[in-house]
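J.: Take this structure, written in structure tokens, and hold onto it; I'll ask about it next.
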Amino acid sequence: MNKILLFIVSICFLSSQSLAAEKLTILTENLPPLNYVENNTLVGSSVEIVKEIQQRIGSTEPIEVYPWARAYKMALEEENVILFGMTYTEDRSNLFKWVGPLATKRDILLARKDASFSITSLEDAKKVERIGTLRDDVRGKLLEKMGFTNLEPVSDEQKNAQKLALGRIDLWAYKKPGFRTVCELAEVDPEQFVEVAHLKKSELKIAFSKKTSDTIVARWQQAFDEMAKDGTIQKIKDKWNIE
9 MNKILLFIVS
19 ICFLSSQSLA
29 AEKLTILTEN
39 LPPLNYVENN
49 TLVGSSVEIV
59 KEIQQRIGST
69 EPIEVYPWAR
79 AYKMALEEEN
89 VILFGMTYTE
99 DRSNLFKWVG
109 PLATKRDILL
119 ARKDASFSIT
129 SLEDAKKVER
139 IGTLRDDVRG
149 KLLEKMGFTN
159 LEPVSDEQKN
169 AQKLALGRID
179 LWAYKKPGFR
189 TVCELAEVDP
199 EQFVEVAHLK
209 KSELKIAFSK
219 KTSDTIVARW
229 QQAFDEMAKD
239 GTIQKIKDKW
249 NIE
């Protein structure tokens, strides 16, 4: 009897160890209107989609909001880390495992309407003194590849909105949808800005660290596919006016 009891205890112990090993760290950033903190509450279309997936698969881990550079480093290096929504690019395709897409975005350059310069091409944008970007963000990396050397990265996009409004940067590399919400959170009037250049159209997805098991990723993908099929994802996107 003691041997049987010991065997059962051992199995339970090993099972609990296995579950603990699969505990996820779920991260996001302030990226309005997809995922951002408003009145101390995490909101946005991507947040609602991820929480619905969690509910369907029985995941109870909290979603933590980190600066992008730190969250990206954790997802790149650590085990069982989820980061959403990350821009899917060719360079990143093999660095993570992916579920989605959560949304489609269009990266752009914004200027003040009363700017003293004119931007008719990306070559013109290379001539301005300062372009605001987010540290370790895909837009900054894209501009670097295109030969831009006038980038001024910060840790939060609200700072870029404020700096552009104050004339402390000449252009702001951001995206649609989103820049209006960022401006509102930064208490900046978005009507004073105008799009002057298109950079790239791409998809935002849920990224899993490479050290996450395929079983976990498949479980999330299955829940996402079911939500797409039953109309839940479209309903959430419609609520937030997301493409």
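Each number in the working numbering corresponds to the 1-based position in the sequence shown with 8 added.
The beta carbon of each residue, even a glycine, is placed where N, CA and C say it ideally should be.
Computed from a prediction, not measured in an experiment: that's the story for all the values here.
Quick one, are the C-beta atoms of leucine 42 and methionine 82 less than 8 Å apart?
T.: No, the pair does not count as a contact, with Cβ atoms beyond the cut-off.
J.: On a Cα-Cα basis, can you pick out the residue from Asn168, Ala111, Glu234 that is closest to lysine 209?
T.: If we check each option's Cα against that of lysine 209, Ala111 comes out closest.
J.: Using DSSP with H/G/I as helix, E/B as strand and the rest coil, what is proline 198?
T.: Of the three classes helix, strand and coil, the one that applies to proline 198 here is helix, per DSSP.
J.: Give a yes or no on whether the C-beta atoms belonging to lysine 31 and glutamate 69 are separated by under 8 Å.
T.: Yes; because the gap between Cβ atoms is below 8 Å, this pair is in contact.
J.: Using 10 angstroms around the beta-carbon of alanine 226, count the other beta-carbons present and answer buried if the total reaches 16, otherwise exposed.
T.: Per the 10 Å Cβ criterion, exposed.
J.: Keeping to the same chain, check which residues put their C-beta closer than 6 Å to that of glutamate 72; ignore five residues upstream and five downstream.
T.: These residues qualify, in order along the chain: Leu35.
J.: Nearest CA to the CA of aspartate 178: which residue from Glu165, Leu159, Gly186?
T.: Aspartate 178 has its Cα closest to that of Leu159, out of Glu165, Leu159, Gly186.
J.: Quick one: residues in its chain with C-beta nearer than 7 Å to the C-beta of glutamine 200, no 5 flanking neighbours on either side, listed in chain order?
T.: Contacts found: Arg120, Lys121, Ala173.
J.: On the CB-based measure, 16 or more other CB atoms within 10 Å of its CB, does threonine 33 come out buried or exposed?
T.: Buried, by the Cβ-count rule.
J.: Helix, strand or coil for lysine 113, going by three-state DSSP, please let me know.
T.: Strand at lysine 113.
J.: Can you say whether glutamine 242 is buried or exposed, counting buried as having 16 or more other CB atoms within 10 angstroms of its CB?
T.: Glutamine 242 is exposed by the Cβ-count criterion.
J.: Which of helix, strand or coil does DSSP assign to phenylalanine 253?
T.: Limits of the chain in this structure are 9 at one end and 251 at the other, which puts residue 253 out of reach.
J.: Arginine 64: which of Lys237, Ile244, Trp248, Phe232 sits nearest, CA to CA?
T.: Considering only alpha carbons, the answer is Phe232.
J.: Between Arg176, Val204, Ala77, which lies nearest to tyrosine 182 when the distance is taken from Cα to Cα?
T.: Among Arg176, Val204, Ala77, the Cα nearest to that of tyrosine 182 is on Val204.
J.: By Cβ distance below 7 Å, which residues in the same chain neighbour glutamine 256 in space, the five residues on each side in sequence not counted?
T.: The structure shown does not extend to residue 256, since the chain is modelled only from 9 through 251, so no value can be given for it.
J.: Taking just the CA atoms, how far does isoleucine 116 sit from asparagine 249?
T.: Distance between the alpha carbons of asparagine 249 and isoleucine 116 is about 19 Å.
J.: Nearest by alpha-carbon distance to threonine 76: which of Gly140, Lys171, Glu37 is it?
T.: One detail in the question is off: residue 76 reads as tryptophan in this sequence, not threonine. Of the candidates Gly140, Lys171, Glu37, the one whose C-alpha sits nearest the C-alpha of tryptophan 76 is Glu37.
J.: Run through DSSP, which three-state label would valine 136 get?
T.: Looking at valine 136 - three-state DSSP - the assignment turns out to be coil, as it is neither helix nor strand.
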